[in-house]
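Enquirer: Per this note's numbering: the sequence shown = residues 27 to 725.
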Amino acid sequence: MRWESLVSIQNLRLAWRRINTGKNLHHKHFFREFYLVYETALEDNLRVLRHQLLAKAWKPSYPYRLYLPKPSGLQRPISLLGIEDQILLQAIANIFAKKLVKKRTSIEFERVFSNILSDKSDSIFFLQSWHKTYNAFQDKCSELYNAGNPWIAHFDLAAYYDTISHDMLVRIVSPKNTHPETWNIVKNWLQVWSAPNPDAMTTHGIPQGPIASDFLAEAFFLPVDIALARKNIKYVRYVDDIRLFGKNENEARNAAITLEWLCRDRGLIPQGKKFSITYAKTPGEALGSLPSIPPENQSEEPNNMTSEEAIDLLEPSVYGRPMKIVDKSRFRYVMYRAPKNPKVLDKVLRLLPRHPEHIDAFSAYLGRYKRGKRIVNVLKSMLTSGLPYAYVRGELWHLLARLCTSNQLPDMLEEARRDAKNRSSSIGLSWGVMNFLLRCQEEGHCRIGTRLKSEMDLSRALLSSRIPDSEFVPKRVIASMLRGSIEEQLAASRQLQIKSCSLNSLGLRQKNLPQVCQHSLRSLGVIRRASKTPRDWIAERLSEMYGSVYAKIWRKLLGVEYEHALQLLIEANAMYDVSPSNWLQFQNSFNDAIVRQFIAYLKLKGQPAGKQKTVASNGKLVKYGSLIQKGSPLSRAFPAPCQDLVIVNDRRNKLPGSHPYDEKGGSQNNWLRPKARDVLVKHVHDPLFEIANWVNANP
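(1) Between which two residues does the beta strand (DSSP E) containing F181 stretch?
(2) What residue from R477, F462, L478 has the CA that sits closest to H471's CA?
(3) Which residue spans inside the stretch 132-204 form an unbroken beta strand (DSSP E) run of at least 3?
(4) Helix, strand or coil for Y395? Go by DSSP, reduced to three states.
(5) Could you please give the first and the last residue of the uninterrupted beta strand (DSSP E) stretch that includes Q101?
(6) Straight-line CA distance for Q544 to I524?
(7) Could you check where the beta strand (DSSP E) with L270 kicks off and where it finishes?
(8) If M194 and F246 are in contact, beta carbons under 8 Å, what's the gap, nearest whole angstrom?
(9) Could you check whether L107 and P222 sit closer than 8 Å to each other, using their CB atoms as the reference points?
(10) Please say whether L248 and L126 have beta carbons closer to each other than 8 Å?
(11) Is the stretch 49-69 in contact with the stretch 525-534, if contact means three or more CB pairs nearer than 8 Å?
(12) Going by DSSP, name the residue or residues bridged to H230.
(13) Roughly how many whole angstroms lie between the Cα atoms of E322 and S155?
(14) Which same chain residues end up closer than 8 Å to S43 when comparing Cβ atoms and leaving out the 5 residues on each side of it in sequence?
(15) Runs of 4 residues minimum, wholly inside the stretch 392-474: which ones carry the alpha helix (DSSP H) assignment?
(16) Is the stretch 448-463 touching the stretch 407-426 in the sense that three or more CB pairs, one from each, lie closer than 8 Å?
(17) Looking only at its chain, what residues have a beta carbon closer than 7 Å to the beta carbon of G398, apart from the 5 residues adjacent to it on each side?
(18) Give me the DSSP bridge partner(s) of I351.
(19) What three-state label does DSSP hand S605 in the structure shown?
(20) Let me see if you follow: with CB-CB separation under 8 Å, is R256 close to chain D or not?
(21) May I ask you to report which of helix, strand or coil DSSP gives I493?
(22) Between the C-alpha atoms of A282 and G298, what's the straight-line distance to the nearest angstrom?
(23) Do R465 and L435 have their C-beta atoms closer together than 8 Å?
(24) Looking at the unbroken alpha helix (DSSP H) that takes in V672, where does it start and where does it end?
(25) Express the C-alpha separation of L100 and E486 in angstroms, rounding to a whole number.
(26) In chain order, what residues of the same chain lie with their CB nearer than 6 Å to the CB of M601, ignoring the 5 residues before and after it?
(27) What is the DSSP secondary structure of I118, counted as helix, strand or coil?
(28) Please return the same chain residues whose Cβ sits closer than 6 Å to the Cβ of I45, not counting the five positions on each side in sequence.
(29) Taking the CB atoms as reference points, tell me whether Q521 and P494 lie closer together than 8 Å.
(30) Am I right that L377 and M331 are in contact with their C-beta atoms under 8 Å? What's the rounded C-beta distance?
(31) Does the distance from the CB of L40 to the CB of N120 come in under 8 Å?
(32) Distance check for Q593 and S526, CA to CA, integer angstroms please.
(33) According to the neighbour-count rule (16 or more other Cβ atoms, all chains shown, within 10 Å of its Cβ), is K49 buried or exposed?
(34) Within a Cβ cutoff of 7 Å, which residues of the same chain sit near T159, ignoring the five residues on either side of it in sequence?
(35) Where does R290 land, buried or exposed, given buried means 16+ other C-beta within 10 angstroms?
(36) Is the Cβ-Cβ distance between T189 and G293 less than 8 Å?
Encoded structure:
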């Protein structure tokens with residue numbers, strides 16, 4: 027691998043897009059706000075990163091580790107890499123994908139069903155949907171069973187990601203060690219990413235969490251897959267869950283022994299306690315206990331389940347006395363989609379203390395409640411019981427920070443202070459308990475003093491929206507964050523924009539800040555753009571986003587509203603791939619700003635549509651929907667553009683973030699999916715393009 031290929035701007039840009047479109051929602055949950063700000067100045071930021079890489083001046087940073095509880099009582103590590111580290115890890119995975127795509131093709135959907143590359147090599151979607159590959163995995167199991175192979179060896183690996191050798195991983199794509207200098211740098215990065223501190227660094231292990239690691243794990247196992255295929259062993263694999271089929275017990279056992287030899291040759295450790303050979307009497311038994319499927323996030327899936335449907339699905343997923351979860355996939359599915367319901371809530375509160383491994387699913391459901399004394403009491407009881415899982419404790423503190431009334435907060439202050447002292451290096455606990463303490467400070471129950479300065483940098487960044495106004499002064503937390511880690515720079519820049527705070531008020535000068543911070547502040551409008559010739563940034567953004575050359579009329583049309591409208595468009599652009607629903611929110615707000623200024627421009631030009639009022643007699647703004655509705659002066663003058671704008675506005679009003687229920691039928695509103703967003707794009711482009719052309723023709 028040539029160094030120039032790895033760090034090319036095209037590869038870095040593709041890596042960034044694939045990070046944003048990845049379905050590793052649990053990992054992305056921690057970085058969404060940072061992704062948004064980094065995206066607003068993406069090209070500038072990537073150029074800085076590439077310049078540092080070419081100069082060999084860029085250094086990887088150690089990850090933060092989360093430890094999520096497993097049903098066994100042990101924990102599964104998740105590594106939170108810095109944003110630039112994520113980009114470089116994905117850039118490495120891009121190169122691996124190009125070199126291995128042909129070798130993988132022969133086994134995909136035949137023997138291997140996990141983390142399969144997208145059909146197009148340059149697609150911004152790195153991996154195919156797990157729905158498709160997971161269903162194919164089940165179908166293949168049934169096919170092999172129906173072909174007369176009822177004996178099944180169930181084979182699993184212990185700590186698979188942690189045991190992947192960096193040297194052996196590199197040899198898969200570079201067996202002759204061409205470009206050794208590049209590969210030595212890559213292996214050095216992998217060492218840093220393998221552990222949370224220098225003392226724990228090893229020459230094996232890749233960070234769990236990023237989608238790049240999911241494919242690198244597949245790449246590492248590729249020689250084993252190919253060897254098994256050449257021996258005509260009947261097997262299927264989903265990550266490290268492997269089923270070997272045989273017509274009789276000995277055939278299945280011999281296949282398992284062969285697989286064990288191949289794994290041990292690569293330093294992989296078979297999971298002895300999970301190994302078994304069974305005889306399946308039905309296709310259903312052949313499926314057995316299927317691999318864990320990725321957790322869903324309600325912002326990515328329609329939340330249209332009724333209470334009756336939720337209860338019907340929930341009943342068979344829990345069983346026994348005391349009640350326990352017996353079908354985790356079904357249970358989690360319900361948790362991410364069920365509406366508020368007393369029967370569902372009762373089961374949730376009884377199951378929560380017994381199944382901390384599903385804390386994210388529980389949190390998603392409890393997030394639908396604003397208050398609840400019984401909920402608060404259960405959360406308090408869990409925290410005071412000595413619950414040992416730091417990540418779970420952090421999530422419980424988040425829930426309490428939101429659900430507690432002001433009078434309920436003091437009851438948990440002492441417990442919160444103990445957790446704040448004992449948080450060690452747990453980013454999950456640090457974020458959660460500090461969120462609770464900041465809520466207590468807002469309500470006047472305590473003062474946290476200088477504690478924020480001693481927090482981990484990622485924790486400060488995650489807490490940025492809760493940082494009090496008293497810290498937005500010289501030599502305090504926000505000022506130091508602007509010169510801290512990249513995540514801190516991005517988070518602090520966002521807060522300066524939200525609070526309309528200037529660098530002068532913090533005693534800072536632009537030239538003394540890191541480049542990424544400067545780019546972010548400029549793109550967010552905190553630092554005004556300097557240009558001898560006024561550049562129409564909106565025209566450039568619209569052309570980039572929607573594919574037509576827009577007339578450069580937006581400064582003339584918007585006047586003093588230009589920067590505000592530009593900011594809305596920047597944020598819409600940043601969310602386009604990351605979150606279609608948020609893209610629609612910002613894009614519709616941009617449309618609103620354009621329409622109001624267009625009406626003013628029409629009035630200036632003596633057009634009848636310009637007589638339409640945008641401010642009512644009571645001084646309040648006329649609603650945007652009224653300005654563009656059928657029969658309005660603007661709609662009569664520009665029927666087609668207004669019809670498009672109405673379609674976009676109506677869909678925005680049917681987002682759960684705007685209105686939980688449809689005003690007409692009362693059904694639950696759904697989040698916008700990528701395919702529906704793509705359909706809306708034409709309805710966004712056409713009216714804006716026509717407005718630009720009209721203004722350009724009527725200067």
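By construction, the Cβ of each residue, glycine as well, lies at the ideal position given by its N, Cα and C atoms.
Please read these numbers as outputs of a predicted model, since none were measured by experiment.
Expert: Quick answer:
(1) 177-184
(2) F462
(3) 177-184
(4) coil
(5) 101-106
(6) 16 Å
(7) 267-272
(8) 7 Å
(9) no
(10) yes
(11) no
(12) S191
(13) A caution first: E322 carries a pLDDT of 41, below 50, which makes its placement in the model too unreliable to give a value.
(14) First, the amino acid is wrong: residue 43 is Arg here, not Ser. So the list reads I150, D603, once near-sequence residues are dropped.
(15) 399-410, 416-429, 439-447, 453-468
(16) yes
(17) L429
(18) V344
(19) coil
(20) Reference to chain D is not applicable here, since this structure consists of a single protein chain.
(21) coil
(22) 12 Å
(23) yes
(24) 665-679
(25) According to the sequence provided, residue 486 is Arg. The question's Glu does not apply to it. Whole-angstrom Cα-Cα distance: 28 Å.
(26) N608, W609
(27) helix
(28) Q112, Q116
(29) no
(30) Their Cβ separation, rounded to whole angstroms, is 18 Å, which puts L377 and M331 out of contact at 8 Å.
(31) yes
(32) 13 Å
(33) buried
(34) F139, S140, I142
(35) exposed
(36) yes
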